[in-house]
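K.L.:
Below you will find the structure I want to go over with you.
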Amino acid sequence: MPLINLVIVLIVVGVLLWLVNAYIPMDRKIKNILNIVVVIVVVLWLLQVFGVLGSLDSIRIGN
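Given below as structure tokens:
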């Protein structure tokens, strides 16, 4: 994945998260949970993109 695509994806995710935090009325605890989940997903995605993690296709949840 080219570096410019990576930067664009990170900017889009950041702007979307900011829009949700700024304009959608939610309890502060729910916003914190949402922020944590988004950060964890982005970090896992970045680790996969840079090859630190193996393929995430082999991870199964449930049956």
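Read the sequence shown against numbering that gives the first Met the number 0 and you will find it ends at 62, with the numbers running on by one and no gaps.
Ideal placement from N, C-alpha and C gives every residue a C-beta, glycine not left out.
#1: Does DSSP put W29 in a helix, a strand or coil?
#2: Restricting to Cα atoms, I'd like to know which of V6, L43 and L16 is closest to N31.
#3: Could you work out which residue in Y22, V41 and L52 is closest to L5 when comparing CA atoms only?
#4: Report yes if the CB atom of V19 is closer than 9 Å to the CB atom of L33, and no otherwise.
#5: Taking 9 Å as the cut-off, decide whether the C-beta atoms of V12 and V48 are in contact.
P.N.:
Straight from the coordinates:
#1: It should be noted that the sequence gives Ile, not Trp, for residue 29. Here I29 sits in helix by DSSP.
#2: L16
#3: V41
#4: yes
#5: no
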